[in-house]
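For what it's worth, my numbering labels the leading residue of the sequence shown as 17, then goes sequentially. C-beta: ideal position from N, C-alpha, C; glycine also.
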Amino acid sequence: MVNVETALKEATTSIEGAIGAALVDYGSGMALGHVGGGKELDLTVAAAGNTDVVRAKVRTMEMLGLKDEIEDILITLGTQYHLIRLMKGRNSEGFFLYLALDRGRANLAMARHQLKKIEESLEV
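Structural data, given as structure tokens:
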């Protein structure tokens, strides 16, 4: 098991095209940790905004009566991918990993695969 800082550093260094990563509490919208971002992307604002996306999708699923779990949510921009992965571990419900990728350099399938591995090793 790895801690938040180690997991986020691994995401930004091992995933090709990573711009930044954050661990977010979607109850409060607060980032518990973040790495990268900078001038390209304010991860604190992204964490709060993507919390609204997660809440909306969870609420929609409830209204539709869907008895399923969200694995991840992908937002495709012209130059970036934004990947939101809801955590499922026993102490990690209510959190999501957020990863921003440069679309020109990223391999989306590999990024999803690596982010899942990081999520499985993360201890919140």
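8 Å Cβ cutoff met for residue i and residue j
| i | j | result |
| --- | --- | --- |
| residue 99 | residue 128 | yes |
| residue 131 | residue 101 | yes |
| residue 71 | residue 42 | yes |
| residue 80 | residue 96 | no |
| residue 49 | residue 24 | yes |
| residue 140 | residue 112 | no |
Backbone secondary structure at residue i - three-state DSSP
| i | result |
| --- | --- |
| residue 101 | strand |
| residue 131 | helix |
| residue 95 | coil |
| residue 64 | helix |
| residue 125 | helix |
| residue 24 | helix |
| residue 140 | coil |
Buried versus exposed, by CB contacts within 10 Å (16 or more), residue i
| i | result |
| --- | --- |
| residue 125 | exposed |
| residue 66 | buried |
| residue 18 | exposed |
| residue 91 | exposed |
| residue 54 | exposed |
| residue 40 | buried |
| residue 82 | exposed |
| residue 142 | Any property of residue 142 remains undetermined from this structure, which presents the chain solely from 17 to 140. |
| residue 138 | buried |
| residue 109 | exposed |
Residue i - partner residues in DSSP beta bridges
| i | result |
| --- | --- |
| residue 54 | Residue 54 pairs with nothing; no bridge assigned. |
| residue 115 | 37 and 99 |
| residue 46 | 41 |
| residue 90 | 99 |
Presumed contact (8 Å Cβ cut-off) between residue i and residue j, rounded CB distance
| i | j | result |
| --- | --- | --- |
| residue 57 | residue 35 | 6 Å |
| residue 62 | residue 52 | Contact flag wrong, Cβ pair sits at about 11 Å. |
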